[in-house]
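Protein chains: 2
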Amino acid sequence: MVRDPTLSAPAVSVHDVARAAGVSQSAVSRAFTPGSSLSPDKRDRIIAIAAQMGYRPNPLARSLLRGKSNIIGVGVGDLANPFFVQTLQLLSQALESANLRLMLFPAHRSENGGSQGAEPSLQEVLHYRIDALVLLSVSLSSKLAEECRRAQVPIILYNRTTGQHDASCVVGDNTMGARTIAAHLLGGGHQRLAFLAGTPESSTNAQREAGFNAYLAEQGHPAPIREEGHFSFDASLAATRRLLVRPDRPDAIFCANDTMALAALTVARHEFGLDVGREISIAGYDDVPMASWPSFGLTSYSQPATRMVDETVRLIHALRTRAESHEEVQCPGTLMVRGSTRPVKFKGPTMEG
Amino acid sequence: MVRDPTLSAPAVSVHDVARAAGVSQSAVSRAFTPGSSLSPDKRDRIIAIAAQMGYRPNPLARSLLRGKSNIIGVGVGDLANPFFVQTLQLLSQALESANLRLMLFPAHRSENGGSQGAEPSLQEVLHYRIDALVLLSVSLSSKLAEECRRAQVPIILYNRTTGQHDASCVVGDNTMGARTIAAHLLGGGHQRLAFLAGTPESSTNAQREAGFNAYLAEQGHPAPIREEGHFSFDASLAATRRLLVRPDRPDAIFCANDTMALAALTVARHEFGLDVGREISIAGYDDVPMASWPSFGLTSYSQPATRMVDETVRLIHALRTRAESHEEVQCPGTLMVRGSTRPVKFKGPTMEG
DNA sequence: AATATAAATGAATGCATATTCAAATTGCCT
DNA sequence: AGGCAATTTGAATATGCATTCATTTATATT
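Chains E and A are the protein sequences, given in the same order. Position in the first sequence counted from 1, then plus 425, gives you the working numbering. Position in the second sequence counted from 1, then plus 425, gives you the working numbering.
So, in structure tokens, the structure goes:
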């Protein structure tokens, strides 16, 4: 006896089923392995007996032997952002439907580039022979990329991209989204634009900022005033205050995501007494559920979480089959115009400078 | 060769380390098993060589042999409630600190009592020899309880209780919280009270409702008007409309959680044009971060998520050691008074009927 | 009907490790 | 120095199962 007899569950094993069915252990194993050679009637009989005995193949043993575990590692950073919560919810359901397990681990800070200490638990998770690693709201450190490469674990970045390492990614169209927001704000006749940045190192912020700035420049507008809110509600409260006390107070703020936009809206409305949507326009990104609440009515560029999760799962399957492919999937969104921004004056895109 | 050679990672095993260190496989295993008999210098040498080779014991093989996996199963229902999101975040961090893995699975609807179909993935998760199952915002079905009992998996209900099955639970003090809210509303001089119920079968709702009703009865007040919002934002929008169109429109609503209270507040303010906190009072439960946003200022009874998660992890450890104990831990909260409720007229609890 | 081919089966092996058992080594005391 | 206990060690076994290999049985071909 290896296990503590007081703890050991009377788990029924292949051998028990084999004995009960009067067949070999191999037969029982084959009965649970689709595509293996076993006569249909015998398979049915084994399955029936197994069901009656409450037998299920032990996933641990199976994983050990097969070298893959049907487990997907999911690293998650900031759950304060509802977009990622929604994603996590959808992803957990999608993975269950695909008969995959989800192992969750917290990735404290989004570390980028350098060899900062990798998440301790990550070291461990990699040893579970996970089929893939999905990074949600976490940047990929080169150290982590290297570890995954060695462990042959494909990486999928969700809502992030990376140029340097071979990881797949699923993203929205940040450039288009940011340009669309810029066009919307300019169409509203705004003159002094501001950009409330997220974490500057993240590709997500970089693309949104670049797209926004590029469009403004194309239209002959000066670069926007800039503050950083690090994708955080609290940090954005402070950042917005800094924006609004300026002598050249902006008349429109594009925030790199909705969490930050909600903070900006809160400060503008309750601390500065501004009529958001008339005296100042505020736009966000993601279109989280709260954006449509009457209390906020936040104009935002949507990210299609359902579609993005579907693509993520599709990628997982693709990577499970043929190794060494790496894709970048882009899912377009839509501008959701609500009351937090002044309506556009002209139909169509602004034509003048 | 069992594994596909193109996929197989060059994972370093005990044998590799043993060979490199010139010791037996057993010695290497013992080096990684605290408390096992091995001379200190040899242990150090093995650890050093292992570290250099990048070796870590395979958790799958280890779990298979030991009969326990260091994995905690976490069933999660509704992530729309920020309280559970916060809990999940805290729990994932706490488990990582305790060197435990978190396996997440979605539990679609909170099923209670009857033998409705159990979550399909759950069947599977149980076979991972998980050390414990934590149910977040999910009721315990008798079927699930039975399955866990057979698999020797201890259950911890978070924010729920159950009378029938032997599961441990971590809860706030719902009765006290509801009574405190009731006292607060009566103290504000309200006459026509309403209760916006969550899922009626949940113990959480039952206790809050009972506590609220009991206090009102003790103070000689009639039973509150009642509607059901099923802990859902959308359902609560509709339920609040039903409440507010009544001829005997309530002048105070106690909602069984904050998500519902935010919906009620939204409807009262934006659809009925009511001045919340003056014309009508609305109180919630949980004290989620949004409750303190200036846009809402929701009076709420707090649930100490940090403390509750700590207790959950403590319970996990306790249950890992000695089987067959089952505890109920209660964590008291605090009344957070904000602008959504009329201030109390008198100091101290109301004295009159 | 006889052979060739395909399908079905069981014994044996291995996955990566922890633990038991017995042997070997060490330390200790007189 | 000698004997006994305590400690250290390696070989062997077990975990639960998938897969290979050789063998038996069923199906197709002429």
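Backbone N, C-alpha and C fix where the C-beta goes; we use that ideal spot for every residue, glycine too. All values derive from a computational prediction rather than experimental measurement.
In terms of Cβ geometry, E:THR737 and E:TYR640 do not form a close pair [threshold 8 Å]. Chain A places no beta carbon closer than 8 Å to that of E:VAL738, leaving this residue out of the contacts. Here the stretch 741-755 of chain A does not lie against the stretch 696-714 of chain A, with fewer than 3 beta-carbon pairs under 8 Å apart. Within the same chain, VAL713 come within 6 Å of A:PRO507 by CB-CB distance, once the 5 residues on both sides are set aside. In this structure, the alpha-carbon of E:HIS742 lies about 15 Å from that of E:VAL499. Straight-line spacing of the CA atoms in E:ALA445 and E:ALA476 works out to 12 Å. In this structure, the straight-line span from the alpha carbon of E:SER727 to that of E:PHE656 is close to 16 Å.
Cα atoms of E:ILE650 and E:THR665: separation of roughly 11 Å, rounded to the nearest angstrom.
Under a criterion of Cβ atoms nearer than 7 Å, the residues of chain A adjacent to E:LEU489 are, in order, LEU485, ALA486 and LEU489.
The alpha carbon of E:LYS770 has as its nearest neighbour, out of E:GLY613, E:HIS646 and E:ASN638, the alpha carbon of E:GLY613. Not a single C-beta of chain E is nearer than 8 Å to the C-beta of A:GLN450. With respect to the 8 Å criterion, A:LEU527 and E:LEU485 are not classified as neighbours on the basis of their beta carbons.
In terms of beta-carbon proximity, A:HIS615 stays away from the interface with chain E, with every pair separated by 8 Å or more. The alpha carbon of E:SER706 has as its nearest neighbour, out of E:GLN616, E:PRO719, E:PHE509 and E:GLN511, the alpha carbon of E:GLN616.
Of the residues A:VAL692, A:GLY602 and A:ASN638, the one whose Cα lies closest to the Cα of A:ASN682 is A:GLY602. A:ALA592 is not a Cβ neighbour of A:LEU551, given a cutoff of 8 Å.
Not a single CB atom of chain E sits nearer than 8 Å to the CB of A:PHE697. Contact between E:MET685 and E:GLY722 fails: their C-beta atoms lie close to 16 Å from each other, not under 8 Å. The C-beta distance from E:LEU513 to A:LEU504 rounds to 7 Å, short enough to meet the 8 Å contact threshold.
Close to E:TYR553, with beta-carbon spacing below 8 Å, are these residues of chain A in chain order: PRO484, LEU485 and ARG526. In the DSSP assignment, the residues bridged to E:THR724 are E:ALA708. Neighbours of E:VAL442 in chain A, taken as residues at a C-beta separation under 7 Å, are lacking, since the least C-beta distance is about 14 Å. Partner residues in the beta bridge of A:PHE620, as assigned by DSSP, are A:ARG651 and A:PHE679. The residues TYR726 and LEU760, in chain order, have a CB closer than 8 Å to that of A:THR605 in the same chain once the five nearest residues on each side in sequence are set aside. Between A:ALA642 and A:LEU611, the alpha-carbon positions lie close to 12 Å from each other. Proximity of the stretch 666-676 of chain E to the stretch 616-635 of chain E meets the contact definition, three or more beta-carbon pairs being nearer than 8 Å. Contact with chain E is absent for A:VAL596, since none of that chain's Cβ atoms lies less than 8 Å from the residue's Cβ. At a beta-carbon threshold of 7 Å, the residues of chain A lying near E:VAL510 are LEU504 and VAL510, ordered along the chain. Neighbours of A:THR691 in chain E, taken as residues at a C-beta separation under 9 Å, are given in chain order as TRP718, PRO719 and SER720.
E:ASN495 and A:VAL692 have their C-alpha atoms roughly 45 Å apart. In the assembly as shown, A:GLY636 is a buried residue. Its beta-carbon has 16 or more other beta-carbons within 10 Å. Residues of chain A with a Cβ closer than 8 Å to the Cβ of E:PRO531 are, in chain order, GLN514, SER517, GLN518 and GLU521.
For E:SER494, the nearest CB of chain A lies under 8 Å from its own CB, placing it at the interface with that chain. Leaving aside the five residues that flank E:LEU516 on each side, the residues in its chain whose CB is nearer than 6 Å to its CB run, in chain order, VAL734.
A:VAL559 is the residue among A:LEU525, A:VAL559 and A:PHE457 whose C-alpha sits nearest the C-alpha of A:ALA532. Between A:ARG481 and chain E, the shortest Cβ-Cβ separation is below 8 Å.
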